[in-house]
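Written below as structure tokens is the structure these notes are about.
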Amino acid sequence: MHHIIRLFAVLFLSLSAVAAFFSERDTKSFCLNGYTAPDELTYFSELNGVSANDPVAFVLIGMIAILFSIILIFIKNKMAFFIVMLFCYLLIFLATGFIESSTAYQMIHDSILYCHNTMLIVWLVGLWFSFVFSLIYLKIE
């Protein structure tokens, strides 16, 4: 039973990786509300400079999660699984720090709410389920 729980944790991590990797599907996928003017949407494709590259952080997050999904599928030891999964979540958290124009929370929130970027919702839900199944796997004897 615990191998199935581990498989679900890795499967949801893979799902979140694919969603993060393909979250920038067009030029209107990422936006900020009130970045240049109050109550005005600013799309990242309209920005110049380094801020226009902020959505690339999600491609990096997708690549990190895919790499760790491949590694985690072969780990059977619970302690090693915990350490590798913790390191994966740490790298994902650090990759959100590459977002320079605003906070990662504001970018994700505004892109979901105003730009209807459903891939970010899939990414967040996949990460959450992966985390929950990882905790269940570690708790099962």
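With mature numbering (1 follows the signal peptide of the UniProt record, and there is no 0) applied, the sequence shown covers -19 to -1, 1 to 122.
Backbone N, C-alpha and C define an ideal beta-carbon position, used for all residues, glycine too.
Query, Result
"Cβ neighbours of THR77 in the same chain (closer than 6 Å, five flanking residues each side left out)", "ALA85"
"The stretch 55 to 70 / the stretch 3 to 12 touching (three or more Cβ pairs under 8 Å)", "no"
"Contact the stretch -18 to -6 vs the stretch 12 to 25: 3+ CB pairs below 8 Å", "no"
"Closest by C-alpha distance to SER115, when choosing among LEU75, ASN29, ILE54, SER10", "ILE54"
"Identity of the residues DSSP links to THR23 by a beta bridge", "LEU13"
"Pairwise C-alpha distance: LEU(-7) and LEU108", "6 Å"
"CA nearest to the CA of ILE102, picked from PRO19, VAL(-10), ALA(-11), PHE11", "PHE11"
"Cβ-based neighbour list, ILE121, same chain, cut-off 6 Å, excluding 5 preceding and 5 following", "HIS(-18)"
"For PHE55, the three-state DSSP class (helix, strand or coil)", "coil"
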